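With mature numbering (1 follows the signal peptide of the UniProt record, and there is no 0) applied, the sequence shown corresponds to residues -30 to -1, 1 to 468, in that order.
For reference, the structure discussed in these notes is given below.
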Amino acid sequence: MADHPFNFKLVWLSIAFSLLITHSIPAVQCSNIVYTKEALADEVLSVPNLHGNITFRHFSGYLNSVDGDMLHYWFFESTKNPTSDPLALWLNGGPGCSSLHGLIAEHGPFHVSDNLQVHLREYTWNRLANMLYIESPAGVGFSYNKYTRYRLNDSATAETNLVALQEFFRRFPTFKKNDFYITGESFASVYLSTLAVQLMKDPSIKLKGIAIGNGILDYAMNFNSLVYFAYYHGYFSTQLYQNLIKACCVGDICKFYESTNTTCKTLYQKLFNLVFFGGLNRYDLYQDCVYKSYKYSQNSINVSTSQTLLMELAYKSFATPPCYDDTKDEKYLRLPQVRRALNIHSQSLNWSLCRTFVQRTYKVQTFSSYKLFPLLLEKYRMLIFFGDSDGTCNYLGGEWVMKELGLQPISAYTPWHVTNKNGQQIAGYKITYPNLHFVTIKGAGHLVPEDKPQEAFIMLQTWLEAKPATSMVVSSSTAGFIVAVVFIAITLLIEIIS
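What follows is the structure, encoded as structure tokens:
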């Protein structure tokens, strides 16, 4: 056999080309999971109006829960390794709002365009975890009660969510061994905290952590901090601010929200109506308001002698967002072919972002969900994050909660970063406590993953992988691409030198 000279440059080029191909073309995920017959009956085989090919399997159906509750779920395999990747539950809040909003508008694999076409999302969270979206409680979205007996309060919701999860793991037993996380936003802070307490009683479910975005962690601190948050954003006059301080404060203690003083209540009503019902987009104060048919004057708060301001705000402030346009998502999910594809039961109502009868009849029992945190932190990791332009659940109230918990920080309050087309940018700020990360996202409102998808993705990735959130997290595909480029550069340099 003739000798062939070793071609060093050819080897370099081959390695570089292999890396470039490997990390530039998405891998096709072929799931080898064996599913139960019940799960297979729920598998979604086609998505109406979908553009693009998907490489994961997904399932939509109902989880039998307490007293006839039938909770609709939509479950997505991860795009990497569903057998070993974590499983994450997502819940939206309200109370009364659908978790399919989180799926379609925020971080699920699909998003809907104005012409009702479905496209794939770049920063979908099922790149990081198997994602489970449950519409809860019964009455929300496609979920219903077989006997139309709706139990709408915090305790009942925690119970129905627990039983629904147990049913999910019975139907999908493969995922019971996976690390499990529960995530959500807004009033879901109540759902998640109370559910986590219930999950502590079931060691068969491997709950590892809880992530809460722009949560209503404490009503009093949220609405008391609103005075300072709104004033320093320039949303009301210095004169009104000074009058509030004079009427509502005794020394350094200011009780704007809980006050029984008539003057204080009247002034706070004026402030509250300016921010919540005065034409601002309270979910994202720097974005325009989409009015649709919303009438601010019909929703403003009126002080009464028979009902404290605290209770009025608690029940009215988290209704359907007045400035949010969900028309395209609502139209798509109401299409008959979509209902068929998702195995929606005939007893389910037409889908809506938030269900009015749930909002009006739901009884809030947990006004300070943060008081459950010390118990939860003994066993679980937590991520508390806030978009810093949200007026509904403002980040300042979240910071007050951290102080009230009395936790000792193990890192300073410092910026964290992402890299985009303009180079490295400050994405927000962070501080770390034992088992708890507190993170802000610069320029995001109430719906962080919708407003800042890259930042939200990197934040979750960093937390799930338990990395210090100090800078951009480089994904494996990005890293491989960089390595490939370096190999090519070295090869070209060798060519020039030779």
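Backbone N, C-alpha and C define an ideal beta-carbon position, used for all residues, glycine too.
Being a predicted model, the structure only gives us computed values, none of them experimental.
Selection from the options that minimises the alpha carbon distance to residue i
| i | options | result |
| --- | --- | --- |
| Y294 | K7, Y332, Y253 and K301 | Y253 |
| H42 | K216, D299, P107 and N231 | P107 |
| A436 | N405, K116 and P423 | N405 |
| L177 | E420, V220 and L57 | L57 |
| K7 | K341, S83, P143 and L135 | P143 |
| A414 | N184, W370 and D124 | N184 |
| S195 | G376, I428 and E369 | E369 |
| M191 | G357, A134, T164 and K225 | K225 |
| M101 | S83, L59 and E92 | L59 |
| F337 | S125, K116, S69 and P18 | S125 |
| A134 | T389, L347, N115 and M429 | N115 |
| N148 | D55, T362, V418 and L255 | D55 |
| D172 | V418, A9, K146 and F427 | K146 |
| Y32 | T53, Q317 and L347 | Q317 |
| F355 | Y365, L347 and L346 | Y365 |
| Q373 | G357, Y403, L347 and R351 | For clarity, residue 373 is Lys in the given sequence; the question names Gln instead. Considering only alpha carbons, the answer is Y403. |
| V260 | P292, L10, M40 and R351 | P292 |
| V88 | N23, Y117 and P379 | N23 |
| R351 | L305, I182, R304 and L210 | I182 |
| V334 | L430, V14 and A128 | A128 |
| L15 | H28, Y5 and Y151 | H28 |
| L430 | Y151, A217 and P379 | Y151 |
Residue i versus residue j: straight-line alpha-carbon distance, rounded
| i | j | result |
| --- | --- | --- |
| L122 | N392 | 47 Å |
| L90 | E47 | 15 Å |
| K349 | H407 | 15 Å |
| P344 | I215 | 32 Å |
| A311 | F45 | 14 Å |
| E425 | T232 | 44 Å |
| residue 487 | N85 | An answer regarding residue 487 cannot be provided, because it is not within the stretch -30 to 468 covered by the chain. |
| D421 | I180 | 21 Å |
| I401 | S381 | 6 Å |
| H203 | L241 | 13 Å |
| I223 | S159 | 26 Å |
| L187 | F139 | 29 Å |
| V220 | Q212 | 13 Å |
| T275 | N251 | Confidence at T275 is low in this model, with a pLDDT of 39, below 50, so its placement is unreliable and no value can be given for it. |
| G38 | F199 | 43 Å |
| D258 | Q394 | 28 Å |
| P52 | S69 | 21 Å |
| residue 476 | P306 | This structure leaves residue 476 out entirely; the chain is present only between -30 and 468. |
| N62 | G72 | 7 Å |
Proximity below 8 Å, CB of residue i to CB of residue j
| i | j | result |
| --- | --- | --- |
| residue 472 | S35 | Any answer about residue 472 is impossible in this case: the structure gives the chain only from -30 up to 468. |
| G398 | T384 | no |
| C67 | L353 | no |
| Y332 | L375 | no |
| Y161 | F193 | no |
| V17 | D299 | no |
| I428 | V388 | yes |
| Y201 | V245 | no |
| W321 | G111 | yes |
| D358 | K301 | no |
| L342 | V167 | yes |
| L210 | L169 | no |
Burial state of residue i, where buried means 16 or more other Cβ atoms lie within 10 Å
| i | result |
| --- | --- |
| T49 | buried |
| I3 | exposed |
| Y189 | buried |
| H416 | buried |
| G64 | buried |
| L141 | At residue 141 the sequence reads Arg, which differs from the Leu that was named. R141 should be labelled buried. |
| R119 | exposed |
| T25 | exposed |
| T230 | exposed |
| P(-5) | With a pLDDT of only 39 at P(-5), under the threshold of 50, the placement of this residue in the model should not be trusted; the figure read from the coordinates follows. It is exposed - the Cβ of P(-5) has fewer than 16 other Cβ atoms within 10 Å. |
| S113 | buried |
| S156 | buried |
| Y256 | exposed |
| T236 | exposed |
| S174 | exposed |
| L165 | buried |
| T153 | buried |
| T297 | exposed |
| E92 | exposed |
| P423 | buried |
| P419 | buried |
| R304 | exposed |
Distance cut-off 7 Å: residue i Cβ against heavy atoms of the ligand SAH
| i | result |
| --- | --- |
| H407 | What this structure holds is no ligand at all, so the ligand SAH is not there to describe. |
Quick check: the stretch 325 to 335 against the stretch 101 to 116, are there 3 or more CB pairs under 8 Å? yes
Given 8 Å as the limit, is there contact between the stretch 93 to 100 and the stretch 71 to 80, that is, 3 or more CB pairs closer than that? yes
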